[in-house]
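Heads up: the protein sequence lines correspond to chains A and B, in order.
250 is the number of the first residue of the first sequence in our numbering; add one for each residue after it.
10 is the number of the first residue of the second sequence in our numbering; add one for each residue after it.
Quick notes on the structure that follows.
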Amino acid sequence: MSSGTLLVKRKRPMDMLLRVSIYAAACFSVALLLGIIGYVFYKGFHIVNWSFLTTVTSARKQTVGILGNLFNTLYIVIITLLIATPLGVGAAIYLNEYAKPGRLVSLIEFTTETLSGIPSVIFGLFGMVFFGNTLGLSYSILTGSLTLTLMVLPLITRNTQEALRTVPDSYRSGALGMGATKWYMIRTILLPSSMPGIVTGIILALGRIVGESAALLFTAGSGYLLPRFGDDFMKNMGKLAHKALESGGTLTIELYLRMQNGEYETAFGIGCVLVIIVLILNLLTKIVANKLKPH
Amino acid sequence: MKSMTKNKAVVEAVAQIIFTICAFFAVLAVISITLYMIISGTPAIFKVGLKEILFSTTWAPTAANPQFGILYVILTSIIGTTLAILIGVPVGVLTAVFLAEVASKELAAVVKPAVELLAGIPSVVYGLLGIYLLNPLMYKIELALFKDSATHQFTGGANLLSAVLVLAIMILPTVINISETSIRAVQPSIKSASLALGATQIQTIFKAILPAAKSGIVTAIVLGVGRAIGEAMAITLVSGGVVNVPLPFNSVRFLTTAIVSEMGYSSGTHRQVLFTIGLVLFVFIMLINILLNKLLKKGGSGNE
């Protein structure tokens with residue numbers, strides 16, 4: 250009851266204040282996420298229906314749809330990953346298995362780090378000038394993919410490197426001791442054991458590609474139409490290949506253009522589709538990461 | 010038998026060469042980006058004059074007598090980024106403290122994925138929410154504040170402050186993740202020594218743990234600066250579209266948003282100046298990268 254004894258703790262108002270601000274900050278971060286996702290769903294989910302996902306916006310047919318943008322996004326994702334994955338994994342193998350620590354390795358690691366710090370607008374400018382003008386690819390899906398390849402390369406390299414580091418050295422010496430060549434050892438021992446890490450890198454890269462916009466605006470352009478597919482398989486393949494050289498806007502670009510025109514309904518619809526993709530990718534990363542953990 | 014060994018040796022050599030080429034790709038990419046940024050960014054400097062571009066405040070690229078001063082654009086990026094850091098870093102570091110020191114395992118298991126998800130949301134979605142929710146709110150505040158002002162140009166809420174808030178939110182995941190890692194890396198003995206001396210949990214966090222995690226938190230801030238200064242699509246529409254003095258309720262242009270919104274219709278010298286803006290941004294980013302590299306090296310040797 251009386252103050253001044255050892256048993257009564259001194260009240261510290263500053264402690265209280267700091268404790269409250271810690272909780273407030275954490276609540277804010279979580280509320281922010283829930284608010285963002287909740288609001289995008291609230292505004293956009295009712296826009297997303299079958300015809301929204303399976304038609305192309307057309308004034309004549311009176312449809313508003315994003316099939317063309319979904320197609321472009323998928324196309325860019327596939328080309329980018331097809332180029333970036335071998336390059337990134339190869340670079341990681343060199344850094345971890347072949348290179349001796351020294352100036353060269355720190356140069357490569359510094360540039361990889363730098364590459365991951367360059368903002369997407371700069372990639373966009375570079376892609377526009379180099380792939381678009383110098384190589385003559387102009388606004389096309391290929392220009393966009395090549396630009397994004399540079400952007401996601403560090404992600405794949407770093408994740409593969411981390412996975413390779415977790416492979417015990419005894420695996421390496423075991424394989425080499427039994428007479429395997431280095432490449433055989435990498436192919437049959439190292440790559441399979443570091444597969445979860447590589448896959449994580451690929452999923453993270455996928456997420457970045459799907460969410461990217463600034464680097465694509467001036468490289469892949471904003472085309473939203475599908476190639477006119479017919480019945481002839483070979484001709485369709487030809488059209489598909491030709492599409493790579495034509496302009497193609499992804500979901501994010503379409504969202505941006507709609508937002509610019511004040512068409513918020515469609516914009517929120519696309520936003521909702523994007524958030525759903527992000528949620529799915531996040532879940533996938535979790536599943537793969539759980540596989541990575543030792544049982 | 011001999012030919013097989015020879016074959017194997019060839020395969021080995023080829024594999025090593027291919028991996029080496031892959032590794033040099035990043036070096037090649039950075040060198041070409043640097044070269045191309047310099048090649049496309051410098052012609053305007055020679056044409057218009059370095060002083061005229063960097064230190065003049067009048068931006069009238071399409072006027073009959075065009076002027077290309079980007080001082081306000083540069084200042085907007087610097088001030089906008091600084092404000093975003095001032096708002097985002099305290100919230101981020103406190104959330105990191107919550108995750109690493111205060112929250113129970115179960116609670117942290119809920120908050121942590123939320124933060125990771127925030128990082129994955131595309132920047133255009135942040136922009137959409139900014140323009141749809143934040144701008145109208147800002148407009149109301151603007152109307153109330155400048156009711157009697159005769160000189161204020163009303164922006165409809167698309168102003169520096171809106172952009173700063175969006176940026177502050179967008180750097181949160183970076184700041185939280187890096188700070189949390191560095192707080193968790195603080196040696197447990199520091200914490201237990203402080204607690205054993207009778208310090209409260211809060212005193213321990215702010216007087217012992219955070220100072221020990223300082224280098225990691227500085228890294229987090231630098232990374233946050235990099236993200237904020239390079240962000241484009243989220244703030245292009247939210248920040249308005251006039252080159253202006255960077256005051257909270259002014260419609261402004263950042264380095265990034267100037268490029269994004271004007272590249273589409275620019276030509277001639279205007280286009281070249283936009284590349285110069287790109288070069289200025291690139292120089293900022295390279296400085297940040299070099300600083301970061303120094304910090305990481307220092308942090309690395311400190312832990313050994």
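Cβ coordinates follow ideal geometry from the N, Cα and C atoms, glycine included.
What you are looking at is a predicted structure, and each value in this text was computed from that prediction instead of being measured.
- Apart from the 5 residues on each side of it in sequence, MET377 of chain A sits with its Cβ closer than 7 Å to the Cβ of PHE467, THR468 in its chain, given in chain order.
- Taken in chain order, the complete beta strand (DSSP E) segments of 3 or more residues contained in the segment 382-455 of chain A number zero; there are none.
- Contact of LEU504 of chain A with chain B by beta-carbon distance below 9 Å involves PRO131, VAL133, VAL134, GLY136, LEU137.
- Here MET486 of chain A is exposed: its Cβ has fewer than 16 other Cβ atoms, across all protein chains shown, within 10 Å.
- Only those residues of the segment 511-528 of chain A whose C-beta falls short of 8 Å from the nearest C-beta of chain B are listed: TYR513, ALA516, PHE517, GLY520, LEU523, VAL524, VAL527, LEU528.
- By the C-beta density criterion, TRP299 of chain A is exposed, having fewer than 16 other C-beta atoms within 10 angstroms.
- Look at THR43 of chain B here: in three-state DSSP terms it is helix.
- For the pair LEU494 of chain A and SER389 of chain A, the CB atoms are nearer than the 8 Å cut-off.
- For THR312 of chain A, the enclosing beta strand (DSSP E) starts and ends at 312-315.
- Residue state for GLN196 of chain B is assigned as coil, using DSSP reduced to three classes.
- The Cβ atoms of LEU246 of chain B and GLY97 of chain B do not sit closer than 8 Å to each other.
- Contact note: GLY233 of chain B does not reach chain A at a C-beta cutoff of 8 Å; the least C-beta distance is about 12 Å.
- For the pair GLY518 of chain A and ILE536 of chain A, the Cα-to-Cα distance works out to about 28 Å.
- At a beta-carbon threshold of 7 Å, the residues of chain B lying near SER270 of chain A are LEU103, ordered along the chain.
- Contact of GLN410 of chain A with chain B by beta-carbon distance below 7 Å is absent, the smallest such distance being about 11 Å.
- Just measuring C-alpha positions, the residue of A:ASN321, A:VAL297, A:THR322, A:TYR324 sitting nearest THR312 of chain A is A:VAL297.
- Shortest Cα-Cα distance from ILE271 of chain A to any of B:THR265, B:GLN76, B:GLN210 involves B:GLN210.
- For ALA229 of chain B, the closest alpha carbon among the candidates B:PRO75, B:MET272, B:ASN168, B:ILE94 is that of B:ILE94.
- Distance between GLY207 of chain B and VAL279 of chain A, taken at the CA atoms: about 33 Å.
- For VAL247 of chain B, there is no enclosing beta strand (DSSP E), as DSSP gives it neither H nor E.
- Against chain B, the beta carbon of ARG261 of chain A has neighbours under 7 Å at THR209, listed in chain order.
- Taking GLN196 of chain B as the centre and dropping the five residues before and after it, the same chain places the C-beta of ALA221 closer than 8 Å to its C-beta, in chain order.
- When Cβ pairs closer than 8 Å are counted between the two stretches, the segment 383-402 of chain A is seen not to touch the segment 416-428 of chain A, the count staying below three.
- In the DSSP assignment, PHE77 of chain B forms a beta bridge with B:TRP68.
- Residue contact with chain B for ILE371 of chain A: present (Cβ-Cβ distance below 8 Å to some residue of chain B).
- From the listed residues B:THR265, B:ALA194, B:LEU152, the smallest Cα separation to VAL106 of chain B is found for B:ALA194.
- Within the same chain, and ignoring the five residues on either side of THR183 of chain B in sequence, the residues whose Cβ sits closer than 6 Å to its Cβ are LEU232, GLY233, ARG236.
- Listed by position along chain B, the residues whose Cβ is nearer than 9 Å to that of MET427 of chain A form an empty set, because the closest Cβ is around 15 Å away.
- Residues of chain A with a Cβ closer than 9 Å to the Cβ of ASN298 of chain B are, in chain order, PHE359, GLU362, THR363, GLY366, ILE367.
- Taking a Cβ-Cβ cut-off of 8 Å, the neighbours of ASN531 of chain A in chain B comprise PRO122, GLU125, LEU126, GLY129, given in sequence order.
- Separation of GLU512 of chain A and LEU504 of chain A (C-alpha to C-alpha, rounded to the nearest whole angstrom) is 9 Å.
- Contact annotation for VAL378 of chain A against chain B: TYR45, SER49 [CB-CB distance below 7 Å, chain order].
- Residues of the segment 20-40 of chain B with a C-beta less than 9 Å from any C-beta of chain A: VAL20, GLU21, VAL23, ALA24, GLN25, ILE27, PHE28, THR29, ILE30, CYS31, ALA32, PHE33, PHE34, ALA35, VAL36, LEU37, ALA38, VAL39, ILE40, listed in chain order.
- At a Cβ-Cβ threshold of 8 Å, SER86 of chain B and GLN76 of chain B do not count as neighbours.
- Within chain A, no residue has its beta carbon less than 9 Å from that of MET147 of chain B; the closest one is some 17 Å off.
- At least one beta carbon of chain A lies nearer than 8 Å to the beta carbon of ASN302 of chain B.
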